[in-house]
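**Q** In full-length UniProt numbering, the protein residues as written are 1 to 491.
The beta carbon of each residue, even a glycine, is placed where N, CA and C say it ideally should be.
Since the structure is predicted, the reported quantities are computational estimates derived from the model, not experimental observations.
Below: one structure in structure tokens.
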């Protein structure tokens with residue numbers, strides 16, 4: 001392919017999950033030259049994972065709901081002229097011009113986990129951020145034992161590798177993902193002695209309009225609930241796993257009743273035998289690329305932060321659109337809707353013509369309806385301030401740097417830390433390999449004395465680990481790292 005650093009794509013889409021796929025094909029259908037970048041080797045994002053062909057899965061779609069929506073997008077991608085760039089880990093997006101016709105530079109490294117370090121720079125007139133979300137982790141005494149996995153991680157193991165984290169698996173935390181994970185594990189042959197939900201589902205009943213206007217959500221819950229009944233899985237509400245037991249791996253967990261603020265009741269613990277724990281407390285929008293560029297964010301009812309977008313999914317920075325979980329975690333159907341809306345809006349802007357008003361209004365109505373349900377869901381499963389009561393001083397919070405809850409409490413109570421950044425400077429919590437993605441939410445809540453609204457706005461100049469050689473080459477006279485290819489549209 002000819003090297004040309006001056007000829008940009010019309011639109012660069014970062015993330016090939018439901019939102020990114022929908023945005024890319026919608027923009028391409030309107031005539032834009034589109035590049036679709038994703039860290040994975042396959043499309044589908046975290047939601048639509050498929051086993052490697054060598055595993056011989058006969059019906060991988062059986063592990064997903066709403067597979068037809070993904071299959072349609074995947075087929076349209078294959079028939080389009082979109083340039084799909086798998087294995088591209090985007091570490092930065094920069095604005096190369098302050099003019100109205102600004103050109104964005106998307107910087108990435110390639111290979112598995114960016115391992116080969118081959119630098120890539122791609123130019124585009126506009127960018128759609130569809131970077132998804134990652135799991136929120138609240139530490140538990142004993143959670144570093146082998147056999148403790150993230151709830152979404154257990155689901156990914158099953159969808160991608162057709163493997164289970166254990167044979168007898170307790171599923172715990174908070175949020176509707178737990179029901180999906182538990183039903184999938186049980187259907188795959190695991191014994192699930194309990195689903196342990198720290199919140200409850202009664203709050204949903206306070207918002208009948210959101211329930212009535214989103215019947216597909218009730219249908220999903222019914223499907224998972226029926227599966228759990230069939231496999232005789234007990235759901236324990238207003239409870240949490242407050243301790244994990246074992247020597248070389250998980251052997252049992254203690255489940256404790258919680259009050260409305262998530263404070264564990266004294267003497268109410270019950271031990272459940274298991275060999276694995278799948279635990280998760282919801283998802284957090286992955287917005288670091290956008291906030292580093294100055295995009296405005298907003299606080300969600302569950303204490304996480306999402307990007308603030310307008311009616312057409314454009315962020316506060318002109319030329320940057322966002323869709324899907326970046327605006328608040330809401331599932332694949334909402335992500336596809338927002339992605340399509342963003343793709344149409346970006347294409348209309350770049351082509352200098354009006355967007356199809358009927359289609360835009362229909363997408364906006366669908367988006368607004370589903371977003372209303374998302375807000376109800378986030379509020380229903382927001383962590384209560386009392387969750388930190390189940391932490392002992394010896395509990396590791398930051399696993400990378402081995403920072404315990406006791407050290408964080410000392411930083412807050414004795415040294416006067418009042419925010420996550422100060423705790424980080426005093427204890428190194430969040431300075432390890434994951435850069436706070438595992439411990440960031442917990443550290444922020446502990447620094448804010450348990451309040452879930454203590455999550456900071458992340459501004460990271462590097463969104464993923466980058467070899468120093470790549471950074472050293474940024475001053476190349478060509479304006480790109482040494483040896484970096486620049487991609488131009490196929491003709």
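(1) Helix, strand or coil: which one does DSSP assign to residue 188?
(2) Give the single residue among 378, 431, 375 and 388 whose Cα lies nearest to the Cα of residue 399.
(3) Does the segment 334-345 come close enough to the segment 18-30 that 3 or more CB-CB pairs lie under 8 Å?
(4) Thinking residue 164 and residue 190 are a contact (beta carbons under 8 Å), I'd like their distance in whole angstroms, please.
(5) Closest to residue 36 by C-alpha separation, out of 130, 355 and 50, would be which residue?
(6) Alpha carbon to alpha carbon, what distance is there between residue 171 and residue 265?
(7) Could you spell out where the alpha helix (DSSP H) holding residue 79 opens and where it closes?
(8) Who are residue 270's beta bridge partners in DSSP?
(9) Would residue 169 pass as a contact of residue 276 if the rule is Cβ separation under 8 Å?
(10) For residue 250 and residue 148, which I take to be in contact (beta-carbon distance under 8 Å), what is that distance rounded to the nearest angstrom?
(11) In or out: residue 120 buried (at least 16 other Cβ within 10 Å) or exposed?
(12) Please state the DSSP three-state secondary structure of residue 377.
(13) Could you give the first and the last residue of the continuous alpha helix (DSSP H) run that contains residue 339?
(14) Candidates 73, 161, 133 and 55: which alpha carbon is nearest residue 49's?
(15) DSSP beta-bridge partners for residue 398?
(16) Residue 53 by DSSP, collapsed to three states: which one?
(17) Secondary structure at residue 157, three-state DSSP: helix, strand or coil?
(18) Write down the C-beta distance between residue 197 and residue 178 rounded to the nearest angstrom, noting that I regard them as a contact closer than 8 Å.
(19) Please tell me whether residue 337 and residue 367 are closer than 8 Å, where the distance is taken between their beta carbons.
(20) Who pairs with residue 95 in a beta bridge, going by DSSP?
(21) Look at the alpha carbon of residue 382 and the alpha carbon of residue 262, and state the distance between them as a whole number of angstroms.
(22) Cα separation between residue 355 and residue 348?
(23) List in chain order: all unbroken alpha helix (DSSP H) runs of 4+ residues lying wholly within the segment 199-235.
(24) Where do the ends of the alpha helix (DSSP H) carrying residue 18 lie?
(25) Who are the near neighbours of residue 146 in its chain, counting only those whose CB is closer than 6 Å to its CB and skipping five residues on each side?
(26) How is the beta strand (DSSP E) around residue 123 delimited, first residue to last?
(27) DSSP state of residue 536, grouped into three classes?
(28) Quick check: residue 132 and residue 17, are their CB atoms within less than 8 Å of each other?
(29) Let me know if residue 10 comes out buried or exposed under the rule of 16 or more other beta-carbons within 10 Å of its beta-carbon.
(30) DSSP on residue 10, reduced to helix/strand/coil?
(31) Rounded to the nearest angstrom, what separates residue 444 and residue 419 at their Cα positions?
(32) Exposed or buried, residue 212, counting other C-beta atoms within 10 Å across all chains shown (16 or more means buried)?
(33) Cβ of residue 84 within 8 Å of Cβ of residue 77?
(34) Grab the span of the beta strand (DSSP E) containing residue 323 for me, first residue to last.
**A** Working from what's here:
(1) coil
(2) 431
(3) yes
(4) 5 Å
(5) 130
(6) 20 Å
(7) 67-79
(8) 255
(9) yes
(10) 6 Å
(11) buried
(12) helix
(13) 332-351
(14) 161
(15) 403
(16) helix
(17) helix
(18) 6 Å
(19) yes
(20) 104
(21) 10 Å
(22) 5 Å
(23) 208-212 and 215-230
(24) 18-29
(25) 249
(26) 119-129
(27) In the structure displayed, the chain extends from 1 to 491; residue 536 sits before or after that span and is not available.
(28) yes
(29) buried
(30) strand
(31) 6 Å
(32) exposed
(33) yes
(34) Counting along the chain, residue 323 falls outside any beta strand (DSSP E), and DSSP gives it neither H nor E.
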